[in-house]
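Undergrad: First the structure, then my questions, so here it is.
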Amino acid sequence: MGLLSLAIWTPIAFGLVLLAFGRDEHAGVVRWIALIGSVVSLLVTLPLYGQFDNATAAMQFVENARWIERFNVNYHLGVDGISFWFVLLTAFINVVVVIAGWEVITQRVNQYMGAFLILSGLMIGVFTALDGLLFYVFFEATLIPMYLIIGIWGGPNKIYAAFKFFLYTLMGSLLMLVALIYLYTKSGGSFDLATWHALPLARTPQTLLFFAFFAAFAVKVPMWPVHTWLPDVHVEAPTGGSAVLAAIMLKLGAYGFLRFSMPIAPDAAHEWGATMIALSLIAVVYVGLVAMVQQDMKKLVAYSSVAHMGFVTLGFFIFNDLGVSGGLVQMIAHGFVSGAMFLSIGVLYDRVHSREISSYGGVVNTMPKFAAFALLFSMANCGLPGTAGFVGEWMVILGAVKFNFWIGFAAASALIFGAAYTLWMFKRVYLGPVANDDVKALVDINAREFLMLALLAAAVLYMGLYPKPFTDVMDASVAQLLKHVAVSKLN
121 MGLLSLAIWT
131 PIAFGLVLLA
141 FGRDEHAGVV
151 RWIALIGSVV
161 SLLVTLPLYG
171 QFDNATAAMQ
181 FVENARWIER
191 FNVNYHLGVD
201 GISFWFVLLT
211 AFINVVVVIA
221 GWEVITQRVN
231 QYMGAFLILS
241 GLMIGVFTAL
251 DGLLFYVFFE
261 ATLIPMYLII
271 GIWGGPNKIY
281 AAFKFFLYTL
291 MGSLLMLVAL
301 IYLYTKSGGS
311 FDLATWHALP
321 LARTPQTLLF
331 FAFFAAFAVK
341 VPMWPVHTWL
351 PDVHVEAPTG
361 GSAVLAAIML
371 KLGAYGFLRF
381 SMPIAPDAAH
391 EWGATMIALS
401 LIAVVYVGLV
411 AMVQQDMKKL
421 VAYSSVAHMG
431 FVTLGFFIFN
441 DLGVSGGLVQ
451 MIAHGFVSGA
461 MFLSIGVLYD
471 RVHSREISSY
481 GGVVNTMPKF
491 AAFALLFSMA
501 NCGLPGTAGF
511 VGEWMVILGA
521 VKFNFWIGFA
531 AASALIFGAA
541 YTLWMFKRVY
551 LGPVANDDVK
561 ALVDINAREF
571 LMLALLAAAV
581 LYMGLYPKPF
591 TDVMDASVAQ
601 LLKHVAVSKL
611 N
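The sequence shown begins at 121 in my numbering and counts up by one.
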């Protein structure tokens, strides 16, 4: 079994083992198996880094085997500089989420931990699939464990949120399935992505394909105006669900633009690039303003995620190396920072059982260690230099200025909104005198919570201070993508 298959099926196998433990009387054993499974799943991805060749844009660690011979569907896996870091990010976040739910989840522990482990493997499958139908299977399969996570362990309106999440994302994906079938027919019966990338297409088919993929990927990112499902889902999802949704699942849509929309329909991508840039800027500016008036911390960070992902799609559709690389770096950084923000809110919610900003005030007086972590993550969310949040946004802004000064100016100005809503939330929650008896009774983070936040803090600082390993991996693949997209496919 290859390294990528190990990365996919190791967490899934551990997840299935956990589902065999039917009662909560084994919860202690279940937690340890889940932790061992998540750590092993992370360890099997580490050889990828040591053996990855930065100098080539070709797919590496390729595995190709027949799956459904009648329809020429293959179990075809591989990674390049675009997808590489998302495999490691997914495995890393899974470890953090298992630690986060260690004491909080007390019912159906085996199903909770098993769902996250299975979800982790499926998401790695999305990032590594080189067969169109295999990608679709993994892409849709990720909905099932996340639907259960929200619907079983979520808040009071969890059923509504779970259905909204499932229907929004599924409906967009149905159009993508139509696009995949068209490409299969047009290519003479192949689901191979490389074959599709080389397929000459007329303008109208390219446009229809671009919008079919847009329907699936824009909802997943989510882009404005199809973002309305995200705040409701984040508010109702358990803390771990929110962390994985923001850190990894939103990236599936953005990744799809690079793997499908742009290389398969490059002429349509250029033709509609201005529209994509406009939608991205609206997300960055307007949604940032919406975040500023939120009173629920989770909803504020959810809108913040939409704004930050707006930088990602902006970077992609300005079609230069700084923009695309910056968008990829922003995706990875957002995985660390947004996950940390949601887990920090979870630390407070576990103690006070409220997400309302008005329920807090002066938390720094009773939880100084936790407040230090929260300050770091808030600053990273603002894009402070020296943190992961700065690198990608700065690269995208530089790329945008190179593309068009006023687009770069608008994107840079929008950073003010990000700083405003994040710092204003931090001020009201953490600073000042102790606001009430609930805050007065707070106890600082324990060893488990410290470990969880320290892992994320280390990642945020390392990426902010030394981003070169991240960018070096993606440079060759980004250059190859841009070279491919620059050539018209009109036949």
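Every residue gets a Cβ at the ideal spot worked out from N, C-alpha and C, and that includes glycine.
Tell me, please, whether the segment 155-168 touches the segment 275-286 by the rule of three or more beta-carbon pairs shorter than 8 Å.
TA: no
Undergrad: With DSSP as the reference, label Asn184 as helix, strand or coil.
TA: Counting from one through the sequence shown, the residue named residue 184 turns up at place 64. It is a strand residue.
Undergrad: Which residue from Thr591, Ala235, Leu463 puts its Cα closest to that of Ile270?
TA: On the sequence shown, position 150 is the one that residue 270 refers to. Measuring C-alpha to C-alpha distances from Ile270 to each of Thr591, Ala235, Leu463 identifies Ala235 as the nearest.
Undergrad: Would you tell me roughly how many angstroms separate the C-alpha atoms of Arg151 and Ser362, rounded to the nearest one?
TA: Here residue 151 refers to the residue found at position 31 of the sequence shown. Here residue 362 refers to the residue found at position 242 of the sequence shown. Straight-line Cα distance between these residues: approximately 20 Å.
Undergrad: Sort out for me which residues DSSP pairs Leu197 with in a bridge.
TA: In the sequence shown, the residue the question calls residue 197 occupies position 77. Partner(s): Glu183, Ala249.
Undergrad: Taking 8 Å as the CB-CB cut-off, is Pro488 touching chain B?
TA: As a matter of chain content, chain B is missing from the structure shown, which is built from one protein chain.
Undergrad: Ignore the nearest five residues each way along the sequence and tell me which others in Trp222's own chain have a CB closer than 7 Å to its CB.
TA: Against the sequence shown, residue 222 aligns to sequence position 102. Answer for Trp222: Arg151, Arg568, listed in chain order.
Undergrad: To the nearest angstrom, how far is it from the Cα of Val407 to the Cα of Tyr423?
TA: Your numbering for residue 407 matches position 287 in the sequence shown. Your numbering for residue 423 matches position 303 in the sequence shown. Answer to the nearest angstrom: the Cα atoms are 6 Å apart.
Undergrad: Counting along the chain, where does the alpha helix (DSSP H) carrying Thr359 start and finish?
TA: Position 239 of the sequence shown holds residue 359. That run of the alpha helix (DSSP H) goes 359-364.
Undergrad: Let me know the alpha helix (DSSP H) ranges lying completely inside the segment 323-354, each 4 residues or longer, listed in chain order.
TA: 323-340
Undergrad: Quick test of the definition: if touching needs 3 or more C-beta pairs under 8 Å, does the segment 170-189 touch the segment 411-429?
TA: no
Undergrad: Please state the DSSP three-state secondary structure of Glu476.
TA: As a position in the sequence shown, residue 476 is number 356, starting the count at 1. Glu476 falls in the strand class under three-state DSSP.
Undergrad: Going by DSSP in three states, Asp312 sits in which element: helix, strand or coil?
TA: What you label residue 312 is simply residue 192 of the sequence shown in a count that begins at 1. Three-state result, Asp312: strand.
Undergrad: What does a CB cutoff of less than 7 Å around Ser240 pick up in its chain, not counting 5 residues either side in sequence?
TA: Walking along the sequence shown from the start, residue 240 turns up at place 120. Cβ neighbours of Ser240 beyond the five flanking positions: Pro131, Ser161, Thr210, Ala211, Asn214.
Undergrad: Measure how close the beta-carbons of Glu356 and Gly274 come, nearest whole angstrom, since I'm counting them as under 8 Å.
TA: Counted from its first residue, the sequence shown places residue 356 at position 236. Counted from its first residue, the sequence shown places residue 274 at position 154. In this structure Glu356 touches Gly274 by the C-beta definition: roughly 4 Å separates them, less than 8 Å.
Undergrad: Less than 8 Å separating the beta-carbons of Phe206 and Phe247?
TA: Working through the sequence shown from its first residue, we reach residue 206 at position 86. Working through the sequence shown from its first residue, we reach residue 247 at position 127. If you check the CB distance, Phe206 and Phe247 come in under 8 Å.
Undergrad: Pop quiz: Met396 and Phe437 are said to be a contact at Cβ under 8 Å. What is the actual Cβ separation, rounded to whole angstroms?
TA: Residue numbering aside, residue 396 sits at position 276 when the sequence shown is read from its first letter. Residue numbering aside, residue 437 sits at position 317 when the sequence shown is read from its first letter. Between Phe437 and Met396 the Cβ distance is about 4 Å, and since that is below 8 Å, they are a contact.
Undergrad: Give me the Cα-Cα distance between Ala561 and Val484, rounded to the nearest whole angstrom.
TA: Residue numbering aside, residue 561 sits at position 441 when the sequence shown is read from its first letter. Residue numbering aside, residue 484 sits at position 364 when the sequence shown is read from its first letter. Near 12 Å, if we compare the C-alpha coordinates of Val484 and Ala561.
Undergrad: Compare the C-alpha of Leu573 against each of Tyr195, Val217, Ile128 and name the closest.
TA: On the sequence shown, position 453 is the one that residue 573 refers to. When only C-alpha atoms are compared, the closest one is Val217.
Undergrad: May I ask you to report which of helix, strand or coil DSSP gives Asp173?
TA: Position 53 of the sequence shown, counting from 1, holds the residue named residue 173. Asp173 falls in the coil class under three-state DSSP.
Undergrad: Output needed for Ala530: all residues of its chain with C-beta closer than 6 Å, excluding positions within five of it in sequence on either side, in chain order.
TA: Position 410 of the sequence shown, counted from the first residue, corresponds to residue 530. Taken in chain order, the residues that qualify are Leu401.
Undergrad: Label Met417 either buried or exposed according to how many other C-beta atoms from any shown protein chain fall within 10 Å of its C-beta, with 16 as the threshold for buried.
TA: Counting from one through the sequence shown, the residue named residue 417 turns up at place 297. Buried, since its Cβ has 16 or more Cβ neighbours within 10 Å.
Undergrad: Mind pulling the beta strand (DSSP E) runs of 3 or more residues that sit fully within the segment 366-396?
TA: none
Undergrad: Considering only the beta carbon of each residue, do Val199 and Asp251 sit closer than 8 Å?
TA: To locate residue 199, count along the sequence shown from 1; it is residue 79. To locate residue 251, count along the sequence shown from 1; it is residue 131. For Val199 and Asp251, no; Cβs fall outside 8 Å.
Undergrad: Using a threshold of 7 Å, is the CB atom of Thr327 nearer than that to any non-hydrogen atom of the ligand NAD?
TA: The ligand NAD is absent from the structure shown, which contains no ligand whatsoever.
Undergrad: Return helix, strand or coil for Asp416, following the three-state DSSP convention.
TA: Numbered from its first residue, the sequence shown carries residue 416 at position 296. In the three-state reduction of the DSSP assignment, Asp416 falls in the strand class, which pools E and B.
Undergrad: State the DSSP-derived secondary structure class of Trp222, mapped to helix, strand or coil.
TA: Position 102 of the sequence shown, counted from the start, is the residue given in the question as residue 222. Collapsing the DSSP output to three states places Trp222 in coil.
Undergrad: When you compare the CB positions of Asp558 and Ser478, do they come within less than 8 Å of one another, or not?
TA: To locate residue 558, count along the sequence shown from 1; it is residue 438. To locate residue 478, count along the sequence shown from 1; it is residue 358. Cβ distance not < 8 Å, so Asp558 and Ser478 don't count as in contact.
Undergrad: Roughly how many angstroms lie between the CA atoms of Ile384 and Val224, to the nearest whole one?
TA: Your numbering for residue 384 matches position 264 in the sequence shown. Your numbering for residue 224 matches position 104 in the sequence shown. If I take the Cα positions, the gap works out to 45 Å.
Undergrad: So, is Arg143 buried or exposed, given that buried needs 16 or more other C-beta atoms within 10 angstroms?
TA: Numbered from its first residue, the sequence shown carries residue 143 at position 23. Looking at its Cβ environment, which holds fewer than 16 other Cβ atoms inside 10 Å, Arg143 is exposed.
Undergrad: To the nearest angstrom, how far is it from the Cα of Thr507 to the Cα of Pro589?
TA: Reading the sequence shown from its first residue, position 387 is the one you call residue 507. Reading the sequence shown from its first residue, position 469 is the one you call residue 589. One C-alpha to the other measures close to 15 Å.
Undergrad: Could you tell me the distance, in whole angstroms, from the CA atom of Asp112 to the CA atom of Lys278?
TA: No answer is possible for residue 112: the residues shown for the chain start at 121 and end at 611.
Undergrad: For Phe497 and Glu513, what's the separation of their Cα atoms in angstroms?
TA: Here the question's residue 497 lines up with position 377 in the sequence shown. Here the question's residue 513 lines up with position 393 in the sequence shown. So the alpha carbons of these two residues sit roughly 16 Å apart.
Undergrad: Quick one: give me the first and last residue of the alpha helix (DSSP H) that Pro589 is part of.
TA: Here residue 589 is taken as the residue at index 469 of the sequence shown, counted from 1. Run containing Pro589: 588-605, per the alpha helix (DSSP H) assignment.
Undergrad: I'd like to check one pair, Trp349 with Ala403: are the Cβ atoms closer than 8 Å?
TA: Counting from one through the sequence shown, the residue named residue 403 turns up at place 283. Counting from one through the sequence shown, the residue named residue 349 turns up at place 229. Cβ atoms of Ala403 and Trp349: not closer than 8 Å.
Undergrad: Using only alpha-carbon positions, find the residue among Met461, Met515, Asn524 that is nearest to Gly446.
TA: Locating residue 446 in the sequence shown gives position 326, where the first residue counts as 1. If we check each option's Cα against that of Gly446, Met515 comes out closest.
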